[in-house]
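Asker: Residue numbers (this note's numbering), protein chains in the order written: chain A, 10 to 294; chain B, 10 to 294.
Here a beta-carbon is modelled for each residue, glycine too, at the ideal position from N, C-alpha and C.
If you're wondering where the values come from, they're calculated on a predicted model, not measured in any experiment.
Protein chains: 2
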Amino acid sequence: MGRTEFRIGVVAPGSRIEPALAEKTRALAASLFPDAPPELRFHPQCFRSSGHFAGEDGERAQAFVDMANDAGLDAVWFARGGYGACRIAERVLAGVTDMARRKVYLGYSDAGALMAGLYKAGFARLAHGPMPVDLTRSGGAAAVARALAFLVQGAPDALEPTVSAGAPTAAFNITVLSHLLGTPLEPDLAGHVLMLEEVAEPMYRIDRALFQITSHPGMRRLAGIRLGRCSPIPPNDPDFGQSEAQIVAYWCERSGIPYLGRADIGHDIDNKVVPFGRYMAAGED
Amino acid sequence: MGRTEFRIGVVAPGSRIEPALAEKTRALAASLFPDAPPELRFHPQCFRSSGHFAGEDGERAQAFVDMANDAGLDAVWFARGGYGACRIAERVLAGVTDMARRKVYLGYSDAGALMAGLYKAGFARLAHGPMPVDLTRSGGAAAVARALAFLVQGAPDALEPTVSAGAPTAAFNITVLSHLLGTPLEPDLAGHVLMLEEVAEPMYRIDRALFQITSHPGMRRLAGIRLGRCSPIPPNDPDFGQSEAQIVAYWCERSGIPYLGRADIGHDIDNKVVPFGRYMAAGED
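1) Quick one: measure Cβ to Cβ for P299(A) and G200(A), integer angstroms, because I've assumed they're closer than 8 Å.
2) Among the residues of its own chain, which have a CB less than 8 Å from the CB of C239(B), if the five just before and after it don't count?
3) Quick one: what does DSSP say P28(A) is sitting in, helix, strand or coil?
4) Using a C-beta to C-beta distance shorter than 9 Å, which residues of chain A count as neighbours of D197(B)?
5) Comparing the C-beta of R12(B) with each C-beta of chain A, is any distance below 8 Å?
6) Apply the 10 Å Cβ neighbour rule to Q54(B) and answer buried if 16 or more other Cβ atoms are within range, or exposed otherwise.
7) Do you know offhand how far G148(B)'s Cα is from R50(B)'s?
8) Exposed or buried, what is T223(A) when buried is set at 16 or more other beta-carbons lying within 10 Å of its beta-carbon?
9) Ordered along the chain, which non-local residues of its own chain (more than five positions away) have a Cβ less than 6 Å from that of W86(B)?
10) Using a beta-carbon distance below 8 Å, is R230(A) in contact with chain B?
11) Can you tell me the Cα-Cα spacing of M10(A) and M76(A), whole angstroms?
12) Which full runs of the alpha helix (DSSP H) of 4+ residues lie inside the segment 177-260 of chain A, going along the chain?
13) By Cβ distance below 6 Å, which residues in the same chain neighbour R146(B) in space, the five residues on each side in sequence not counted?
14) Along chain B, which residues have their Cβ under 7 Å away from the Cβ of F56(A)?
15) Based on Cα-Cα distance, which residue from F132(A), G91(A), R235(A), R57(A) lies nearest to E27(A)?
16) Under a CB-based cut-off of 8 Å, is G191(B) close to chain A?
17) Compute the Euclidean distance between the alpha carbons of R69(A) and L219(A), then round it to the nearest angstrom.
18) Taking the continuous beta strand (DSSP E) assigned at R57(A), which residues delimit it?
19) Could you give the uninterrupted runs of the beta strand (DSSP E) lying entirely in the segment 77-122 of chain A, keeping only those of 3 residues or more?
20) Apart from the five residues on each side of it in sequence, which residues of its chain come closer than 6 Å, Cβ to Cβ, to A158(B)?
21) Is there contact here, the segment 120-128 of chain A with the segment 183-193 of chain A, by at least three beta-carbon pairs under 8 Å?
22) How long is the line joining the alpha carbons of R89(A) and E65(A), rounded to whole angstroms?
23) Cutting at 6 Å between CB atoms, please list the residues of its own chain near G104(B), excluding the five before and the five after it.
24) Using Cβ-Cβ distances below 8 Å, what residues of the segment 232-249 of chain B are close to chain A?
25) Could you pull out every residue in the same chain whose Cβ sits closer than 7 Å to the Cβ of L102(B), ignoring the five residues on either side in sequence?
26) In whole angstroms, what separates the C-alpha of F62(A) from that of A72(A)?
27) In the DSSP assignment, find the alpha helix (DSSP H) that holds R287(A) and state where it starts and stops.
28) Work out the CA separation of S59(A) and G250(B) for me, nearest whole Å.
29) Taking all protein chains shown into account, do 16 or more other C-beta atoms lie within 10 angstroms of the C-beta of Q255(A), making it buried, or fewer, making it exposed?
30) Provide the residue span of the beta strand (DSSP E) that contains A136(A), from first to last.
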């Protein structure tokens with residue numbers, strides 16, 4: 010029996026999703042690839058619930074490890090962010106095998122905690138980009154279609170437009186990255202262009218996280234920082250007096266990190282895909 | 010002319026205060042020490058305004074340095090937290106002289122960023138405790154009276170009750186400490202009992218910050234963690250499923266740091282004083 014379709018395992022290391030979202034994602038995939046729709050295998054863990062999380066830490070870690078090590082899958086897709094990936098990273102990193110290294114991984118926001126750990130462990134096919142949960146946004150099908158085009162076809166127009174073979178890249182949510190610093194998950198991004206985005210954080214918190222990121226000795230070896238969208242920013246009392254771009258430019262100047270301008274990423278439907286490192290499509294080595 | 014009174018310089022490294030609060034604080038000090046009221050010298054910088062901050066970074070840094078190096082002052086008191094101390098820490102640390110090392114420093118919340126830097130620089134008379142802004146709380150005179158009793162008289166009953174000569178201590182706001190990790194301001198607290206408190210952070214954020222703090226290799230050399238009050242905690246959606254004490258106990262167990270129970274500190278009028286290290290009263294060496 011030939012195997013032609015692309016197989017994607019979906020897991021939820023942080024917050025849970027509804028089964029209806031899985032169906033909706035499958036229907037979109039079928040409509041986008043009518044001849045050979047990718048198989049979307051949502052792990053039952055995605056729908057589990059344990060307090061804040063999509064199941065207990067052990068369940069979420071095991072689901073991720075099972076999907077990552079499954080020889081029948083080509084990619085692992087984060088269903089959603091929320092919060093919880095940092096809690097299972099240690100177990101995931103201890104459980105993944107060489108089989109896991111061959112897959113593509115795609116997600117953003119809270120997923121950054123696991124992406125950081127996998128990148129540090131030498132995984133070469135990680136990318137920051139849309140997730141099934143983006144279908145809950147108005148117009149979100151565009152984001153999820155972009156993610157599928159990237160996963161299934163490696164479509165170059167899914168990539169953030171400044172991504173090039175010239176410099177390795179990485180992308181993170183600002184708050185998520187700041188909370189990895191000083192931990193075993195903190196990534197070594199020397200020589201990388203780091204793209205940052207934020208959602209629903211007041212300006213003073215964006216400023217505080219940028220203080221931390223740009224004060225970190227390892228981060229001072231970045232090739233530069235690009236700022237994605239920070240939206241929606243709650244009111245700051247009093248008015249902060251600077252925009253998010255001014256804040257990032259300020260901390261870049263203070264720390265000697267080049268500020269390279271804006272990036273086309275964010276918690277929105279226009280969120281483009283950013284590979285970690287110099288991205289290799291599946292099959293390349 | 011004899012000099013009998015205790016002289017306290019007040020600065021605002023983060024957010025500003027109103028002049029009326031300075032007057033109210035002076036009136037309280039006069040009523041508490043009718044025979045020899047301490048002199049409270051509020052730097053005009055406390056009332057300045059520049060966007061989010063009590064004046065520009067340069068003004069706030071200079072005000073702190075001027076007060077810290079002033080031979081005519083016995084103590085430096087943070088007027089308020091808010092946000093901004095981390096932005097001026099580098100300039101403050103470059104500007105303080107040996108004269109500054111003889112003083113007592115008292116504050117909490119955002120002040121922790123500067124306290125951490127001063128402690129790392131070997132300052133021996135730092136303490137986490139109430140500030141003039143606590144007068145804006147209902148019943149806040151009790152907190153400010155406690156701070157003054159500590160500053161002026163070194164009153165032992167102002168101290169957090171578990172503080173002893175047996176182990177060095179330190180206290181921080183959870184979020185403020187987490188954002189110092191990986192930066193030049195991160196304190197070396199090996200062998201210390203670390204007391205933590207929080208205000209207005211949802212449970213998932215408390216959990217994320219505890220992941221970071223307890224995953225930090227240096228923090229794993231703590232003698233233990235005590236948890237102060239976390240209040241008021243906004244609703245978590247969905248319910249987090251654990252209390253703040255359960256979260257701290259969980260991360261302590263996972264990281265091998267002893268969890269020692271509760272501490273009598275917090276963003277409230279009962280906030281007790283916690284010295285950094287083994288506290289020495291002014292005059293001791």
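Answerer: This is what the structure gives:
1) The structure shown has nothing for residue 299(A), since chain A only spans 10 to 294.
2) I183, E206, E207, V208, E210, I215, E253, G275
3) helix
4) In chain order: nothing, as chain A lies at least about 12 Å away.
5) The predicted model places R12(B) with a pLDDT of 49, which falls under 50 and marks its position as unreliable, so this point remains unresolved.
6) buried
7) 24 Å
8) buried
9) I17, V19, L115
10) no
11) Low local confidence applies: a pLDDT of 40 at M10(A) is under 50, so the model's placement there is unreliable, with the coordinate-based value given in what follows. Near 22 Å, if we compare the C-alpha coordinates of M76(A) and M10(A).
12) 183-187, 212-224
13) I278
14) Simply none; closest approach about 14 Å.
15) R57(A)
16) yes
17) 30 Å
18) First-last for R57(A): undefined, no H or E at that position.
19) 84-87, 113-116
20) A164, A167
21) yes
22) 16 Å
23) V74
24) N245, P247, D248, F249
25) G126, A130
26) 13 Å
27) It is not in any alpha helix (DSSP H) - R287(A) carries neither H nor E in the DSSP assignment.
28) 8 Å
29) exposed
30) 135-137
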